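Protein chains in written order, with my numbering: chain A, 13 to 406; chain B, 10 to 329.
For glycine and all other residues, C-beta sits at the position ideal for the given N, C-alpha and C.
Source: prediction; values computed, not measured.
Heads up, the thing below is written out as C-alpha cells.
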C-alpha cells in the first residue's frame, strides 16, 4: 500500500516538477515587483527583494567584518565612533564605504589583514551602520513608494520626509491636492477611468444594436458585410492612426477624451459586433417568433428579450474592452500624450525619464495593475468565455 | 455562403435593419475603412502629405520615384556593401527582429501553452494553476515590461537587485546587461512576450484538449498505445485545427507587438520591430510618408491572415 503510494509519487514527480517550475516563473517576477514596491528606497537600491525578510543580514556582516575592532556596539574606537551620525553620513552608500575600507588610516590599511567584504556585504553593513547611528532607522516595509508614485514625487528622499522638512519641490503643496499632480499616478488613474468607462460602454451599446441586426434581421448583403467585419478585426492600429490624427488635428480633437472614446469605439467595433452577433444568434428562434406573434416590434424584442438574455456576452465583451482600453499604450501615446496622461503613459514616461527609479516604477506598475487584476480574478469566467469565442483583436 | 434564413414573420420593413446598423457602420467607416485607404495614399506623399514622394529624392542617391517611401521603409536599415554585411545587418534590422519574434514567440507560447494545458489537465489545483499562467493577460504590456525590466536589471554599482543577474553572479558569472547586449536583447524581449501570451494559448488549447472524446483515448490505451503515442497520434491530430487557429492569431499579435519594445528598449540597441518603427517614423521623426509606408508593409504582412480568418469564418458558418 505504502509502496504503491511512493511509486505513484515518483511517477508523477517529473510532471509535477515541470508544473512547479512554470508556475514559479510566472509568479516570481510579479511577486518580486510587489515586494520591491513595499520596501524602503535605500533597501531597494542596496539589496535584492528576496533578501527583504532576512533582518539580520546587515548585523551579521557587521559582526563578521567590523566587530573585532569597532566592537559589537560600534563605539569601541573613540576616534571612529560608528554610532555617531555625522561620521556615518559620510559613508552611507556601499561605494563610499568600500572606498573607505580600501584606504589607509594613520599609515595602516583600514581592514589590516582581513579580506575586504564584497559589494553586497558592504551594502548590508551600510544598512546596519545607518540603523545603529540613528541616521536612518528603516522599517522593513513601507507604503511611502506608493505615496511617491501617486503624487509623482521624484526626489532622492520620500515625499513625506521632504514635505515634513519643507524641502519638497515648489509645484507640490504637501496636501491632498498633490494627488492631482500631472506627473503622478493619482491623476493618471483618474484619467484612465475617464477614458475607460465611456470607451467600454459606447462600443457595447453600438455592438449590441448591430449584432442584433446581423443575427435576427434580414437585409441584402448581410453575410458579405459580416465577412468583411471578420477581416477588419485584425487590421492593426498602426494602419489607421495617421489619417485620424490628421483629421483630429483639424477638428481640435487631439488630446481630448472625446477623441479617444470615439477611436476606441471605432476600433473595438468589429470584434464587439462579432461576439454579440454570434451570441445572439444562438438564442432559440422560437423565443423571437413567439414575441413577434404576440405583436412585439423589433425594438421591443431587442431591449426586452435580446439584451437581458445577452448579459453573459455583454459581460465578456465589457471585460475585454475594459482591459483593452485600460492597458492600451499606443492610442494613449498618440491621441492623449502628456496633456492627459493615463496610467500606461505615465509609467512608460517614468521608465524613459527615470532609468532605475525602481521604488517609483514598481509602485506605479502595481497601481496600474490593481484594477485589471481585480476585474480579472473576480470575473475570470466571463473573460475566458469571451476569449474562447474568438479573440483576435487590436 | 449561405445566410441563415430569418423567420418570415420577423421581416419587418426594408429599412429597419439599417437603423440598428447605422451607428456602428458609420463609426467603422470613419475610424477603420477611410483611414486604411488614406494611409495608402499618404504613403506615396512626402513628409507632411503635400507633394508626391518622388520629390524627396536626392540627386545621386538611389530613388524609387513614387515608391520612395517604400525604398526607405524596406532598405534604409540595411548595409548592402557586401552579401555578408547585408545578411548581418538584416538580422539586426526591424525586419530580421520581427522574424525572430514570430518564430520564437509563436513557437514558445504554443509549445509551452500546450505542454502546460496537458500537464495540468485533471490535477487537483488545475483552475488555480491555469489562472496563474493566465494572469499576465490581464495586466498591461507596460506593466509586464516594468516587471521584466526589473528581473533583467543590470547593476552599475556592484549590487545586483535584478533576479537574473543575482542568479548569474551567485553562480560565479559576470553580470549581463540583458537589454543592451545586441542579439541577446531581442531574445530577452521575446521571453517577456512569451510570458504574457502563453496563458492565452494555454486557455484555448486546454478547452480544445478537453473536447477530445474520452472513448477514443480509452480505445487507444486498450489497444496498448503508451501516453506519448496517444498524444502524438490521437490527441494532437484531433486538436490540430485549434492549434492552427492559435498559431495564426499569435502571428498577428506578434506582428502588431509594440508596447514591450517601446517600454523596455525603445527600439534601441538593435531591438527595433516593424510596429515600433512605424511609431518612430511617424511620431518621433514626424514623417507621415515614411511612417505610413511602414504601416502598409505591416498590413501586407497581415493580409494573408485576414484572408485565413475570413475563410475560417465561412467554414464555421457552413457547419452551423
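* **Backbone secondary structure at residue 377 of chain B - three-state DSSP** => It is not possible to answer for residue 377 of chain B, since the shown part of chain B is limited to 10 through 329.
* In three-state terms, what does DSSP make of residue 304 of chain A? -> helix
* If you count every other CB in all the chains shown that lies within 10 Å of the CB of residue 199 of chain A, and 16 or more means buried, which is it? -> buried
* Does the beta-carbon of residue 316 of chain A have 16 or more other beta-carbons within 10 angstroms, so that it is buried, or is it exposed? -> exposed
* Under 8 Å between C-beta atoms, does residue 295 of chain B make it to chain A? -> no
* To which residues of the same chain is residue 300 of chain B closer than 7 Å at the C-beta, ignoring the five residues directly before and after it? -> 287, 290, 291
* **Coil, strand or helix - residue 101 of chain B by DSSP** => helix
* Is it true that the CB of residue 385 of chain A sits closer than 8 Å to the CB of residue 243 of chain B? -> no
* What residues in the stretch 227-252 of chain B bring their beta carbon closer than 8 Å to a beta carbon of chain A? -> none
* To do: Less than 8 Å between the CB atoms is what I'm expecting for residue 263 of chain B and residue 114 of chain B, so what's the real figure, rounded?
  => 5 Å
* How is the alpha helix (DSSP H) around residue 219 of chain B delimited, first residue to last? -> 193-219
* To do: Would you kindly report the start and end of the unbroken alpha helix (DSSP H) that includes residue 136 of chain A?
  => 131-145
* Asked: When we look at the beta-carbon of residue 185 of chain A and count the other beta-carbons within 10 Å, is it buried (16 or more) or exposed?
  -> exposed
* To do: Give every residue of the same chain whose Cβ lies closer than 8 Å to the Cβ of residue 103 of chain B, excluding the five residues on either side of it in the sequence, and list them in chain order.
  => 86, 276, 281, 282, 283, 285, 286
* Asked: If residue 78 of chain B and residue 310 of chain B are in contact, beta carbons under 8 Å, what's the gap, nearest whole angstrom?
  -> Not confirmed; about 17 Å, so no contact.
* Segment limits, alpha helix (DSSP H) that includes residue 224 of chain B -> 223-231
* Asked: To the nearest angstrom, how far is it from the Cα of residue 389 of chain A to the Cα of residue 344 of chain A?
  -> 25 Å
* Along chain B, which residues have their Cβ under 9 Å away from the Cβ of residue 339 of chain A? -> 147, 148, 149, 150, 151, 152, 268
* Asked: How should residue 21 of chain A be labelled, buried or exposed, when 16 other C-beta atoms within 10 angstroms of its C-beta is the threshold for buried?
  -> exposed
* Candidates A:222, A:348, A:153, A:170, of which the one nearest residue 61 of chain A by Cα -> A:153
* To do: Buried or exposed for residue 194 of chain B, please, with buried defined as at least 16 other CB atoms from any protein chain shown within 10 angstroms of its CB.
  => buried
* To do: Please determine, among B:168, B:296, B:157, B:307, the residue with the shortest C-alpha to C-alpha distance to residue 331 of chain B.
  => Any property of residue 331 of chain B remains undetermined from this structure, which presents chain B solely from 10 to 329.
* Asked: So with Cβ pairs under 8 Å, would you call residue 108 of chain B a contact of chain A?
  -> no
* Assuming residue 45 of chain A and residue 156 of chain B make a contact with CB atoms under 8 Å, what is their CB distance in whole Å? -> 5 Å
* What do you get for residue 106 of chain A, buried or exposed, if any count of 16 or more other CB atoms within 10 angstroms of its CB means buried? -> buried
* To do: Check the Cβ-Cβ distances between residue 399 of chain A and every residue of chain B, and say whether any is below 8 Å.
  => yes
* To do: Using beta-carbon positions only, say whether residue 375 of chain A and residue 49 of chain A come within less than 8 Å of one another.
  => yes
* According to a CB-to-CB cut-off of less than 9 Å, which residues of the stretch 246-263 of chain A neighbour chain B? -> 246, 247, 248, 249, 250, 251, 252, 253, 254, 255, 256, 257, 258, 259
* What's the call for residue 223 of chain B, buried or exposed, on a 16-neighbour Cβ count within 10 Å? -> exposed
* Asked: In the DSSP assignment, what residue or residues form a beta bridge with residue 120 of chain A?
  -> A:117
* Between the C-alpha atoms of residue 326 of chain B and residue 233 of chain A, what's the straight-line distance to the nearest angstrom? -> 15 Å
* **Unbroken alpha helix (DSSP H) run spanning residue 94 of chain A, endpoints** => Segment: none, residue 94 of chain A is in no alpha helix (DSSP H) and carries neither H nor E.
* Partner residues on chain A for residue 322 of chain B, Cβ-Cβ distance less than 7 Å -> 239, 242
* Would you mind stating whether residue 104 of chain A and residue 95 of chain A have Cβ atoms separated by less than 8 Å? => no
* **Listed by chain order, chain B residues near residue 27 of chain A by CB distance under 9 Å** => 128, 132
* Should residue 327 of chain A and residue 394 of chain A be called a contact, given that it needs their Cβ atoms to be closer than 8 Å? -> yes
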